[in-house]
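>
Residue numbers (the UniProt record's numbering): 1 to 181.
So this is what it looks like as structure tokens:
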């Protein structure tokens, strides 16, 4: 289930591209932990353990949260699409997408096209592969989000992996994939 909050009124016309505040380390960890809770909730609904949040330019207001839906509706891509339908590109450029695992190339591209200016992830796609192996439900691709963003015309800021949260994300992943056999 996706939750959308309304964007606070900025008053006046926004600068292009708008700049949000830089998140503190404490904010990075807190928001990633909440994304882990969203990922665990996704598993209770029978979905894969991935969770994402969209945080406003103030680095405090959680505008949306989304768990994984299926193999083509990943948490990050669904969140980015809904965000693009509900907020202006200017506003989204100041927002941050937090996600438990590094976005795949599809999700990184969707965040890019939605005009989300910053993406933060807990652990890399390579570490995810350690948890999933060659599981047929998660055929990872060796295309990093960094590679995707570096090949765009906009400078999306990418932060991750966040070492303080990696073990927590890995525990959620390992527990889920061990049950899938």
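Glycine is no exception: its CB is placed at the ideal position from the N, C-alpha and C atoms.
Would you check if the region 60-69 and the region 108-126 touch, i.e. whether three or more CB-CB distances between them fall below 8 Å?
Taking 8 Å as the limit for Cβ pairs, the verdict is that the region 60-69 does not touch the region 108-126.
> Am I right that residue 120 and residue 162 are in contact with their C-beta atoms under 8 Å? What's the rounded C-beta distance?
About 7 Å separates the two Cβ atoms, so the contact holds.
> Please state whether DSSP places residue 160 in a helix, a strand or coil.
The answer is coil: DSSP assigns residue 160 none of H, G, I, E or B.
> Can the beta-carbon of residue 183 be found closer than 8 Å to that of residue 35?
Residue 183 lies beyond the stretch modelled for the chain, which goes from 1 to 181, so this question has no answer here.
> With distances taken from CA atoms, which of 118, 146, 86, 85 is nearest residue 125?
It is 146.
> Should residue 136 and residue 107 be called a contact, given that it needs their Cβ atoms to be closer than 8 Å?
For residue 136 and residue 107, no; Cβs fall outside 8 Å.
> Which whole-angstrom value is the C-beta distance of residue 165 and residue 122, which I expect to be below 8 Å?
About 4 Å; that satisfies the 8 Å criterion.
> Which whole-angstrom value describes the C-beta separation of residue 59 and residue 27, a residue pair presumed to lie in contact below a C-beta threshold of 8 Å?
Residue 59 to residue 27, Cβ: 5 Å. Contact.
> Grab me the residues of residue 177's own chain with a C-beta within less than 7 Å of its C-beta, minus the 5 sequence neighbours each way, in chain order.
Within the same chain, residue 177 has close Cβ partners 131, 132, 135.
> Could you tell me if residue 88 is buried or exposed, where buried requires 16 or more neighbouring beta carbons within 10 angstroms of its beta carbon?
Counting Cβ neighbours within 10 Å, residue 88 comes out exposed, since fewer than 16 surround it.
> I'd like the list of long-range same chain contacts for residue 2, defined as Cβ closer than 8 Å, with 5 residues on each side in sequence excluded.
Residue placement at residue 2 is poorly supported in this model, since its pLDDT is 41, which falls under 50; the coordinates are not used for a value here.
> So what does DSSP say about residue 123, is it helix, strand or coil?
Correct three-state label for residue 123: strand.
> Give the C-beta separation of residue 169 and residue 101 to the nearest angstrom, bearing in mind that I take them to be a contact with Cβ-Cβ under 8 Å.
Going by Cβ atoms, the distance from residue 169 to residue 101 rounds to 6 Å, so yes, they are a contact pair.
> For residue 175, which option in 104, 50, 56, 118 has the closest C-alpha, if you only look at C-alpha atoms?
Ranking 104, 50, 56, 118 by Cα distance to residue 175 puts 50 first.
> Leaving out five residues before and five after residue 138 in sequence, what residues of the same chain have Cβ atoms less than 6 Å from its Cβ?
Cβ neighbours of residue 138 beyond the five flanking positions: 132.
> So, under 8 Å CB-CB, residue 140 and residue 118 are touching, yes? Tell me the CB distance rounded to an integer number of Å.
Their Cβ separation, rounded to whole angstroms, is 23 Å, which puts residue 140 and residue 118 out of contact at 8 Å.
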